[in-house]
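Asker: Quick note: the sequence shown, position 126, residue 193 per this note's numbering, numbers continuous. We put the beta carbon where it would ideally sit given N, CA and C, even for glycine. The structure presented is a predicted model; accordingly, all values stated were derived computationally and were not measured.
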Amino acid sequence: IQEKVMPFTRHTGPALSPFNAWVLVKSLETMELRVERMVSNAQIIAEFLEARPEIKSVRFPGLKSHPNHALAMKQMSGGGTTIGIEFVGDQAQVFAFMNKLRVIDISNNLGDSKSLITHPATTTHRRLGPEVQAEMGITPSVLRLSVGLEHSADLIKDLTQALS
């Protein structure tokens, strides 16, 4: 534990400051509303993407086409907020799509109130070899979209213009 905890506390301090604790508590007051909106948006976006010819597959437990949909719906109240998207095409086409996005931001992490998109093969999973990535379902044409609080119509408009 000491090897894990000590470096963290050395960089962050042993306790939250009173202000940071207050901000954290305030954020918890609206967390349920924010998560409900993000989950609803993700469902709408996943259904939209699944119907697009540019998309090879959509990995999202809220879709009936997902192999674990029934289990997910027993365990969760929705499909979550992160969507795996596999494009028809290569990495260059995927990057061109990402660069056309205006509302959704490119990021190397996920989990924000704003919609973010990342290319796992060159960010979060870049240290893994191509064989290991392939075993995990990560190819150069896969993106991960973390859906945020924006209006779903605005997100669909952004995705549509980036796909064209």
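Find out if the Cβ-Cβ distance for the pair Phe127, Gln142 is shorter than 9 Å.
Answerer: As a working mapping, residue 127 is identified with position 60 in the sequence shown. As a working mapping, residue 142 is identified with position 75 in the sequence shown. No, they are not a contact pair.
Asker: Could you name the residues of the same chain whose beta carbon sits closer than 7 Å to that of Glu121, not counting the 5 residues immediately before and after it, in chain order?
Answerer: Numbered from 1 along the sequence shown, position 54 holds the residue referred to as residue 121. Same-chain partners within the cutoff: Phe154, Val155 and Leu230.
Asker: Quick check: what's the CA-CA separation for His43 versus Val72?
Answerer: No statement about residue 43 is possible, as the shown extent of the chain runs from 68 to 231 and does not include it.
Asker: How would you write the range of the beta strand (DSSP E) that Phe164 sits in, first residue to last?
Answerer: Taking the sequence shown and counting its residues from 1, the one referred to as residue 164 is at position 97. Where Phe164 is concerned, there is no enclosing beta strand (DSSP E), although the alpha helix (DSSP H) it sits in stretches over Gln158 to Lys167.
Asker: Quick check on DSSP: helix, strand or coil for Asp221?
Answerer: The residue given as residue 221 occupies position 154 in the sequence shown. The answer is helix: DSSP assigns Asp221 an H, G or I state.
Asker: Which of the three DSSP states is assigned to Lys123 in this structure?
Answerer: As a position in the sequence shown, residue 123 is number 56, starting the count at 1. Three-state DSSP puts Lys123 in a strand.
Asker: Since Arg211 is in the beta strand (DSSP E), which residue starts that stretch and which ends it?
Answerer: The count along the sequence shown starts at 1 and reaches residue 211 at position 144. Per DSSP, Arg211 belongs to the beta strand (DSSP E) from Val209 to Ser213.
Asker: Taking the alpha-carbon positions, what's the Ala137 to Pro85 distance?
Answerer: As a working mapping, residue 137 is identified with position 70 in the sequence shown. As a working mapping, residue 85 is identified with position 18 in the sequence shown. Roughly 43 Å separates the two Cα atoms.
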